[in-house]
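Residue numbers (this note's numbering): 10 to 413.
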């Protein structure tokens, strides 16, 4: 079956159309290519085209440097020249905002590139195979692929990958490693037994175990320390933190470039360990953070300990915001992929802030939320995509809104 790839869509596949009009997503393709597919597989209630041959190759097609690319589910764009990856992400963002958000005549900036297209990740999560070896899941499958090296990881993480082999009977199902380039990496093992397994690793490590009884510290400290923008951040093993340090720094710069130097009250929803709050605190008389993670709240308290005009509420934004009687001049939101919950959105709109800075990791929920905010009288001033995750379909976006 011959098919022409019309465009790439969020998720990483190219969309083509069969003679009968049926739309088929095909992984590892590029817009404009003519291909022949040998099969259409049904996976997770979706049809996926399987490439037999490429009859007309894109100018932007390159040889993937990773030998696992066509099998591993970690990357989707490694066969595409980097400049075109950036253009694709801008196009997909535009399409999502227009189609799902009903927002037309968008002025979207070009995607800000990552200084490093490879070896940029400071954090990785592995599944453990039946032989006790770490690996990644095959694309659209639960099968675990053992790898010798992941090109997206910083060198220290790849060095560690070769030193870790677990006893298959240990009950360990997942493993994550985070390296901060300042101190010692943190290894977190997740298992099904109450007591942690015994193991030996010939590498300096902080180690924690997460089991049915919670998290236990096995050796060293249970946190990393990151230097971002000249500030040091404590990040516990269970706390979220950006995996691409250099793009995270650019995101902070964007935020500071688009807000006034003096603001009465700032509300930082989903504040995490205080990555944005640490910089925002220097521009306001009162900063209020909201975060649901207990470990992130503990980190926040350490990271902003030098400020006495900062308040922190532990809990979900949807639970806390409706009861928070404040007038915020700037609201910063950096929600998870699900976006802003309806009750939290209602409370934010009710505060009538002068500005909202929205940092998004999912263009679909961003489109939904921007539709609500623009309907409530907010105007979109700036939309800037950033490439936090090169070689993948993921899109980070900075949006500034102001109120009429």
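Ideal placement from N, C-alpha and C gives every residue a C-beta, glycine not left out.
Indicate the three-state DSSP secondary structure (helix, strand or coil) for residue i in the structure shown.
| i | result |
| --- | --- |
| residue 268 | coil |
| residue 327 | helix |
| residue 19 | coil |
| residue 316 | coil |
| residue 373 | helix |
| residue 170 | helix |
| residue 153 | strand |
| residue 159 | coil |
| residue 147 | strand |
| residue 417 | Because the chain is modelled from 10 through 413, residue 417 falls outside the range shown and cannot be assessed. |
| residue 286 | helix |
| residue 400 | coil |
| residue 359 | helix |
| residue 394 | strand |
Should residue i go down as buried or exposed, given a rule of 16 or more other Cβ atoms within 10 Å for buried?
| i | result |
| --- | --- |
| residue 405 | buried |
| residue 86 | buried |
| residue 390 | exposed |
| residue 396 | buried |
| residue 393 | buried |
| residue 376 | buried |
Give me whichever residues DSSP pairs with residue i in a beta bridge.
| i | result |
| --- | --- |
| residue 197 | 185, 217 |
| residue 132 | 187 |
| residue 64 | Answer by DSSP bridge pairing: none, since residue 64 is not bridged. |
| residue 175 | For residue 175, which the question treats as bridged, DSSP gives no partner whatsoever. |
| residue 296 | 275, 319 |
| residue 70 | 89 |
| residue 228 | 216 |
| residue 234 | 243 |
| residue 341 | 277, 366 |
Rounded to the nearest angstrom, what separates residue i and residue j at their Cα positions?
| i | j | result |
| --- | --- | --- |
| residue 174 | residue 215 | 17 Å |
| residue 46 | residue 147 | 20 Å |
| residue 72 | residue 400 | 13 Å |
| residue 127 | residue 158 | 12 Å |
| residue 410 | residue 264 | 12 Å |
| residue 167 | residue 370 | 26 Å |
| residue 220 | residue 206 | 11 Å |
| residue 358 | residue 326 | 13 Å |
| residue 98 | residue 178 | 43 Å |
| residue 44 | residue 103 | 26 Å |
| residue 213 | residue 385 | 53 Å |
| residue 335 | residue 365 | 15 Å |
| residue 22 | residue 35 | 5 Å |
| residue 139 | residue 310 | 41 Å |
| residue 288 | residue 69 | 39 Å |
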